[in-house]
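In this note's numbering, the protein residues as written are 2 to 656.
Just so you know, even glycine gets a beta-carbon here, dropped at the ideal spot from N, CA and C.
Just so it is clear, the structure is predicted and the values come from calculations on it, not from any experiment.
Everything on this sheet refers to the single structure shown next.
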């Protein structure tokens with residue numbers, strides 16, 4: 002009932018004659034309850050009247066329901082304006098909480114039978130009390146004015162209790178982990194079952210159905226969680242068919258396999274490489290993204306892409322596809338001019354197994370950091386990992402870190418003291434790098450089309466002997482760095498700074514600096530042979546100069562595109578069919594093409610029947626590309642009734 006109706010009801014009842022006995026009894030209260038809870042009635046069933054309040058009665062039973070409203074009023078020197086003390090309010094509220102209902106007042110308290118003035122005060126207090134209760138409810142967030150619960154607070158409580166779809170990384174200190182991966186959530190299409198971060202599902206893809214790929218948690222210790230992908234029996238059968246298709250020398254078998262299993266990861270990666278060699282970059286990238294989507298849908302709920310504390314053992318073949326898919330996606334992003342996003346992918350790959358670093362991402366992270374102009378990150382990584390990883394022994398870090406310091410010293414928005422300190426640090430480190438790796442200078446100047454002066458060319462320390470005398474493993478690392486990052490040194494300011502430090506190094510060499518001999522002995526000891534992860538990185542990088550420097554024992558073995566140079570201590574979870582290669586000899590490029598295109602044959606090779614010449618590799622490539630295009634043309638599912646959302650943020654890349 003509204004306040005106006007209550008006031009009208011009170012106004013109609015003013016000055017009425019006293020009612021007969023029992024007129025104020027409620028239908029829902031027994032006489033026995035009234036005797037226990039309220040004061041005893043006088044003769045005739047009437048309550049005793051308060052002194053000075055004779056001749057006034059109230060016939061409005063609704064005023065008795067919220068009797069506590071009459072107990073509150075403005076306080077004046079410890080007393081209420083209506084004559085009640087604070088003690089009466091406390092005792093009245095206690096009686097109500099204990100009995101569960103309002104009690105009638107005892108002798109000496111203000112009765113409900115008040116005159117017009119008291120009734121108007123009562124109505125004002127009711128309005129004040131009602132407003133106070135409404136504000137209290139709004140402040141606590143339990144209910145809104147219309148009685149409905151606040152939606153945002155419900156969602157917050159649900160998220161706090163159950164967590165988001167992707168588990169957030171564990172709480173870090175004010176300084177994030179050096180391998181913490183920055184990400185940007187993106188809007189997704191509603192027609193797909195899961196929200197993903199690595200890629201955006203496309204309407205042209207086949208409808209997603211679980212292919213039998215899953216992930217399980219192996220163990221958690223010392224703040225790290227080890228996971229592993231698993232193949233169901235159905236997925237294992239598909240994997241066996243894929244291996245048979247590779248061995249069959251018939252590329253169409255892989256296309257047929259994808260028609261029945263459109264989210265088989267290794268088949269998608271294999272066809273992506275074939276498309277890339279045919280310069281169909283768009284289709285190659287699309288296939289890699291579909292492979293990433295398939296694997297992300299299989300993530301364990303506790304697997305985090307960003308925390309840097311989740312591990313995947315590269316020795317398990319089921320995990321390798323995720324490494325390779327991330328690497329290929331990172332390469333596409335770098336070529337498209339998105340070095341910032343590519344750097345985050347590089348950090349993600351490195352975080353999956355930072356100690357072993359199976360794809361040797363330490364040979365690439367410095368390059369991406371410089372391209373993304375994230376000089377502070379490169380310097381921080383070097384400072385935190387130099388003590389236990391000896392990053393200065395890698396030519397790429399030895400030259401990239403001083404370059405980062407120098408570029409940092411060129412920023413005008415830093416204090417003069419920081420700029421001067423960065424410049425001094427850059428000069429010190431680049432001189433150490435030139436003494437440790439003297440064979441880098443002349444090839445670097447040649448790549449940058451810079452002609453050094455005679456004093457540098459004729460000096461034996463930087464002469465041709467410095468490049469020839471370095472160990473083969475070191476030559477491979479130098480070729481990899483120069484083939485990837487030489488263009489970063491082409492700016493005139495950088496070349497002028499490098500020239501100053503080259504002259505200082507020559508003066509130190511002529512003065513007999515003991516560091517020169519010390520670094521020479523270190524080169525002879527440290528770079529006898531490159532580990533297998535560096536060879537794997539060189540194969541994936543496809544840098545011609547570095548590939549040409551691979552040792553013979555690597556170039557003569559089969560290099561499969563979906564699993565290049567697998568570890569010797571592989572952990573197999575199920576038995577795979579034996580893979581027999583029809584040709585056990587040949588160079589690395591030929592074997593790599595054969596892994597991508599089983600129909601590829603070198604000149605002079607015969608087919609197994611011995612009757613006809615091998616098919617030309619270009620014909621095999623063209624036939625494979627036609628089959629892939631036909632397959633992709635049939636994979637167009639569109640539901641006009643399915644809700645779709647526009648991607649306001651595009652691909653979510655940061656560059």
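Within 9 Å, strictly: CB atoms of residue i and residue j
| i | j | result |
| --- | --- | --- |
| residue 397 | residue 356 | no |
| residue 292 | residue 273 | yes |
| residue 433 | residue 420 | no |
| residue 315 | residue 353 | yes |
| residue 428 | residue 501 | yes |
| residue 443 | residue 520 | no |
| residue 667 | residue 369 | Since the first and last residues shown for the chain are 2 and 656, residue 667 lies out of range. |
| residue 440 | residue 471 | yes |
| residue 373 | residue 399 | no |
| residue 334 | residue 351 | no |
| residue 462 | residue 402 | no |
| residue 538 | residue 395 | no |
| residue 498 | residue 457 | no |
| residue 669 | residue 465 | Absent from the model: residue 669. The displayed extent of the chain is 2 to 656, so no value can be given. |
| residue 221 | residue 239 | no |
| residue 477 | residue 516 | no |
| residue 1 | residue 473 | Residue 1 lies beyond the range of the chain shown here (2 to 656); nothing can be said about it. |
| residue 331 | residue 311 | no |
Cut-off 6 Å between Cβ atoms - residues of its own chain near residue i, not counting five sequence neighbours on either side
| i | result |
| --- | --- |
| residue 480 | 546, 547, 550 |
| residue 254 | 246 |
| residue 213 | 233, 235, 236 |
| residue 607 | Low per-residue confidence applies at residue 607: pLDDT is 41, beneath 50, and the placement is therefore not dependable, though the value from the model is reported in the following sentence. Around residue 607: no qualifying Cβ. |
| residue 709 | A question about residue 709 goes unanswered here, because the residues of the chain that appear run from 2 up to 656. |
| residue 408 | 376 |
| residue 139 | Its pLDDT being 47, under 50, residue 139 is placed unreliably in this model, and the coordinates cannot settle the point. |
| residue 382 | 179 |
| residue 317 | 229, 572 |
| residue 242 | 258 |
| residue 424 | 410 |
| residue 119 | Legend: pLDDT at residue 119 = 47, less than 50; position of this residue unreliable, no value from coordinates given. |
| residue 555 | 536 |
| residue 468 | 440 |
| residue 88 | With a pLDDT of 38 at residue 88, under the threshold of 50, the modelled position of this residue cannot be trusted; read the value that follows with caution. Excluding positions up to five away in sequence, the list is empty. |
| residue 340 | 369, 372, 373 |
| residue 200 | 290, 293, 294 |
| residue 299 | 214, 215, 216 |
Supposed close pair residue i, residue j - CB separation, criterion 8 Å
| i | j | result |
| --- | --- | --- |
| residue 182 | residue 415 | With a Cβ gap of about 27 Å, residue 182 and residue 415 do not count as contacting. |
| residue 371 | residue 445 | Not really, about 15 Å apart at Cβ, beyond 8 Å. |
| residue 484 | residue 544 | 4 Å |
| residue 435 | residue 506 | 5 Å |
| residue 523 | residue 475 | About 11 Å; that fails the 8 Å criterion. |
Own chain residues within Cβ distance below 7 Å of residue i, not counting five before or after
| i | result |
| --- | --- |
| residue 285 | 273, 276, 277 |
| residue 295 | 212, 214, 264, 266 |
| residue 320 | 229, 230, 313, 314 |
| residue 393 | 387, 399 |
| residue 426 | 406 |
| residue 491 | 449 |
| residue 460 | 507 |
Contacts around residue i, its chain only, beta-carbon distance under 8 Å, and the 5 residues preceding and following it disregarded
| i | result |
| --- | --- |
| residue 533 | 566, 568, 569 |
| residue 270 | 288, 289, 292, 322, 325, 326, 329, 562, 563 |
| residue 447 | none |
| residue 390 | 363 |
| residue 36 | Confidence in residue 36 is poor, its pLDDT being 42 and thus under 50, which makes the residue's placement unreliable; the coordinate value appears in the next sentence. Cβ neighbours of residue 36 beyond the five flanking positions: none. |
| residue 496 | 449, 451, 490 |
Sheet register partners of residue i (DSSP bridge)
| i | result |
| --- | --- |
| residue 218 | 228 |
| residue 561 | 564 |
May I have a chain-ordered list of the beta strand (DSSP E) segments no shorter than 3 residues that lie completely inside the region 454-519?
Segments of the beta strand (DSSP E) lying fully in the region 454-519: there are none.
Fully enclosed by the region 337-423, which alpha helix (DSSP H) runs are 4 residues long or longer?
Entirely contained in the region 337-423, the alpha helix (DSSP H) runs reaching 4 residues are, in chain order, 340-353, 366-372, 376-390, 396-410.
In the region 259-342, which residue ranges form an unbroken beta strand (DSSP E) of at least 3 residues, counting only runs that do not cross its ends?
Whole beta strand (DSSP E) segments, 3+ residues: 311-313.
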